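Shown next, in structure tokens, is the structure this report addresses.
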Amino acid sequence: MPAETGFFSSLRPASKVVLSALLAAVVFALLSWPGLLERAEAGLRDRIVGLMVEEQASNLLILEIDSASIEAIGQWPWPRNVYASAINALSDAGIRSLMIDVDFSASSSLGGDAEIESAIQSISATTPTYLPVFVQRRSQVDSELMIRRPLQGLADSVELVSVNMYPAADGLVRFLSVGFAWQDMFYQGAWNALAEQPDAGTWIDYTISPKSFRYVSFIDLLEGRVSKHVLFGRDVIIGSTAVELGDNLATPIYKMLPGAVIQALGAQTLRNGGLHAATPLVGFIILALFWLGATVVFSRCTWQRGLQVLGLLIIIWLGVFAFIYTEANLLFDVFKPLLLSAIVYVAISLARLDSATLERLWLQISLRDNEALLDRIVATTNDYILCVDRNGLITKSNQAIRTLCDISESDMQNSSLSDVLPDARHGLLMLPDAPFDTYLVTRSGKHIPAQATVSRVATSSDAIFTVVLRDMSERVARERDLEYRAAYDSLTGLLNRSSFFEKVNETLDRNQLGCLICIDIDYFREVNDTYGHLAGDQLLKAVAQNIETFVGKLGHCARIGGDGFALWLPGLRFSAGGNQFCEQLLEHVEQPLTLAITGEVPLQVSATAGAAETGSGDGLGYQAADDNSANPAEALLLQATDAMRIGKREGVAVRCYSKSDSQAALHRLELVPAIRTHIKNDAFYLVYQPKLDLTTLAPFGCEALLRWPQSAGEVVPVTKLIEVAETSRQIAPLTRWVVEALLVQEAEWEKKEWPRNLALNLSARLFQDRNFIAGLKDLLSSSSGYFNIECEITETALLGDKDRAQAMINDLVDSGVTIAIDDFGTGYSSFAYLQSLRASVLKIDRTFVSNLQQSPGNQAIVRSTINLAHELGMQVVAEGVETIGDEQFLRAHGCDLVQGYLYAKPLTLPDYDDWLAARKSKFPLAQRPI
């Protein structure tokens, strides 16, 4: 045997044993000093206690503020009259005592303070009643403590008790203090008050099952579903058990418990005599005895015999702990003495080994550590891992997949992979090498989408396969959500436009007849402006529900944008029941609605319906639309929408698309490209209607008017031209063409010394287009400055975005343009807008001027308008003057300028030149006053 070297090797066996035991004590002390063993000690005790949990008889009852009660009452926090009702019910039932674990330290903004004060004063007169006080930090950044007490009116009639619970170093609540003192006042713990033992703190006995207590839902008590005999003689704790309220604390064994349940456990522990911990001196004596006994016993045993003794010691000591805990209600260290004994055993056993044996032992320990590390990684990963042999039997699985499938380790061991992964029923070798989508089957038969990766691992004995599965439930749920969002409207749950078109086209592909109905809510914008967009959303959902309920299985419903809905009713003809269906549907939709945001005020809306049908005798519907559109459903919807819009104009609630509507719509559609082409080709032309100074009848200027090209076939009235240009967003380029055409003539007008005042009309739509107004200013600034440009606008210019339109009008005025109010008196609120528009000229509409002598009412309007305009410093232009009598009346009442057929119709440029020449010999040219 080789000679041993070193100090330790030179010692005698007895000395080695003693020195090893001392070293073991030092190692144990080093581990114990920083508190490294406390978590392990508490964990082992918790495991033992967890095996002894049982239900006990108790008269404690917990009145739960649970999720069901919060949902049933419909708000949180509750008005305090809710608590008052519950307290009165408890008082009537004859309970023994009442602990209310609810913060009443501030007045409630929801009301009910007087009711709860009365209820508590009433019950406290006959029943011990407790309210909570607690200490907390003033804020997250301020460590100063403050106390929270109930309102004085509540505190005067009850006993105040502490509800502060302090977690141990591991964050778990194990011990309940006797209470706390604050400014010469002592507040005993709620558990002490309920147990009627005011002078003792206690460790919580977690062998008492929380199921020992009776639980009653708050809402069940309020709604009278709890009989009085259930409550009679009970000690009642009112407290939160709803997870969302956050009144849950971490505990041993049960992980999380509501504060009210912990209070009940503490009270029951005290009623059982309390649970106490051994003193540090007793703990030290136990450790010393274990160290001495282990040193003596293990020094006389072989390592095999010593291991058996150590195992027997662990079993006996655990039994002793359980017995003393149960019979004497005493806690003491159970892990530390066993660990000390194990360290002594290892130290003495190692002291007897030679160096070669130590090296082999260390190698085995290292291998086991590596294996344990790999097992830990596999066990804690979020992926699901299975090891499978070549026969498809599961040899190993991690905790994640066992939990997911709700299968124990023993049941999963040696079970077939195809039981969990059905795609493996044809064998492992038939599965793809690359990751593939599949599904798992749980014990309950639930299918869980997953992504699987199968790999082969070669070992010294036999090949095994690893199957790594990743839960794809969230991805699949997202995909389904995206599919739903792609097909349905997120607000109302109805079909969206594209899905609706698919349903309609499917019917049309089968050559079936049908009727498409478009419904629009009247004055929906006013609802939004009055009550807010949230009310608008609620209204849309309510209307959608009414429509869907009325239609049922007769067809398909969709929201097609904003406040518009569409219905597709296969097999229905408008002339054969469709009209009556629409009328009944509108009656259903127009019933008064009660929205959450409007409270008890009912909201009643009206709606307009437009219909279009397929296969009608006049050639409308799908057959007509199919020639012009790749999407027949969209063509039908356009027809129904047109019918609805025409119905709104005509004041008709229900209207079906007709052949004349089709021709008008076709004509409008034909005008759109024609307008664009005529602008590009300079095909439009201008005419000029002179304006005269009424005092001298001298030419003052003219108004430029747009006309449809005479060479373009049918002449389009200017009103229809402007309407189509506005709806097709061509009004801006059309107006720009007019201005450019005028500016091209400016030099010639200046050369001929024609009147400088030139008026042109601007559509109200242009004052919502900041880019156009800016371009117009740039265009006018490039002129020579001969023209005095006057822009005629109507009062409707401010009916959209008033602030934006006003800002653009101000820009025009500041650039030198004169603003004239056209068609005055026919707008919505003429007088209110006079100052806002910064106008210098007011034009009286021709409807008030023509045949003025025969209408006293018109005379009064014209007279008052002239006086008002002059009071505001504005010039007045009367348009539509056709008789000498009209002229005389206007002159008598101070009108400034006139235009009309009495003087000249709108003239082409050459005719305007001739007209000016004819007038020039009689009257001097008039200029606008500065």
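Position in the sequence shown (from 1) plus 153 gives the number in the working numbering. No residue lacks a Cβ here, since even glycine has one placed at the ideal position from N, Cα and C. Bear in mind that the values here come from a model prediction, so they are computed numbers and not experimental data.
query                                                                                                          : result
Bridge partner(s) assigned by DSSP for Tyr340                                                                  : Phe333
Element boundaries [beta strand (DSSP E), containing Thr606]                                                   : 600-610
Helix, strand or coil at Gly772 according to DSSP, with G and I counted as helix                               : Residue placement at Gly772 is flagged as unreliable, the pLDDT there being 39, under the threshold of 50; the coordinate-derived value follows with that caveat. DSSP places Gly772 in coil when its eight states are reduced to three.
Per-residue DSSP class, three states only, for Pro755                                                          : coil
CB-CB length for Ile997 against Ala1031, believed under 8 Å                                                    : 5 Å
Sequence ranges, beta strand (DSSP E) only - wholly within the segment 343-386, length at least 3              : 367-370
Interface flag, Leu463 vs chain D, CB-CB below 7 Å                                                             : The structure shown contains no chain D; it holds only a single protein chain.
Residue nearest to Pro351 in terms of C-alpha spacing, selected from Ala430, Leu423, Leu307, Val179            : Leu423
Beta-carbon separation (whole angstroms), Ala973 vs Asp922, contact threshold 8 Å                              : Not a contact, Cβ separation roughly 20 Å.
Boundaries (first-last residue) of the alpha helix (DSSP H) holding Gln552                                     : 552-558
Residues that Met299 bridges to, as DSSP identifies them                                                       : Gln289
Beta-carbon spacing of Leu251, Thr279 below 7 Å                                                                : no
Member of Lys549, Leu347, Gln274 whose CA lies at the smallest distance from the CA of Asp309                  : Gln274
Reference Leu181; option with closest CA among Leu493, Thr548, Phe589, Cys809                                  : Going by the sequence as given, residue 181 is Phe instead of Leu. Among Leu493, Thr548, Phe589, Cys809, the Cα nearest to that of Phe181 belongs to Leu493.
Cβ-Cβ distance between Ala1057 and Pro785 below 7 Å                                                            : no
Which listed residue (Ile438, Ile226, Phe977) has its alpha carbon closest to that of Gly1033                  : Phe977
Test item: CB-CB of Leu190 and Lys489 under 7 Å                                                                : yes
Residue from Ala1013, Leu539, Asn567, Tyr359 with nearest C-alpha to Met409                                    : Tyr359
Continuous alpha helix (DSSP H) assignments of at least 4 residues falling wholly in the segment 785-818       : 785-803
Element boundaries [beta strand (DSSP E), containing Val389]                                                   : 388-393
Element boundaries [beta strand (DSSP E), containing Leu410]                                                   : 408-411
Bridge partner(s) assigned by DSSP for Cys668                                                                  : Leu722, Glu766
DSSP bridge partner residues for Ala430 (one or two, in chain order)                                           : Leu484
Local Cβ density within 10 Å of Asp835, reported as buried at 16 or more and exposed below that                : exposed
Buried/exposed call for Thr355, threshold 16 Cβ in 10 Å                                                        : buried
Arg712, DSSP secondary structure in three states                                                               : strand
Under 7 Å between C-beta atoms of Ser315 and Tyr283                                                            : no
Helix, strand or coil at Tyr1054 according to DSSP, with G and I counted as helix                              : coil
The alpha helix (DSSP H) enclosing Gln691, as first and last residue numbers                                   : 686-704
Host beta strand (DSSP E) of Asp624 (start-end)                                                                : 617-624
Met797 classed as buried or exposed, judged by whether at least 16 other C-beta atoms fall within 10 angstroms : buried
Buried versus exposed, by CB contacts within 10 Å (16 or more), Asn914                                         : buried
Enclosing beta strand (DSSP E) for Gly730 [first to last residue]                                              : Gly730 -> no beta strand (DSSP E), and no H or E assigned at all.
Alpha carbon of Leu738 to alpha carbon of Val758, nearest angstrom                                             : 13 Å
Neighbour-count burial assignment, Glu224, 16 or more Cβ in a 10 Å radius                                      : exposed
Supposed close pair Trp344, Gly419 - CB separation, criterion 8 Å                                              : 3 Å
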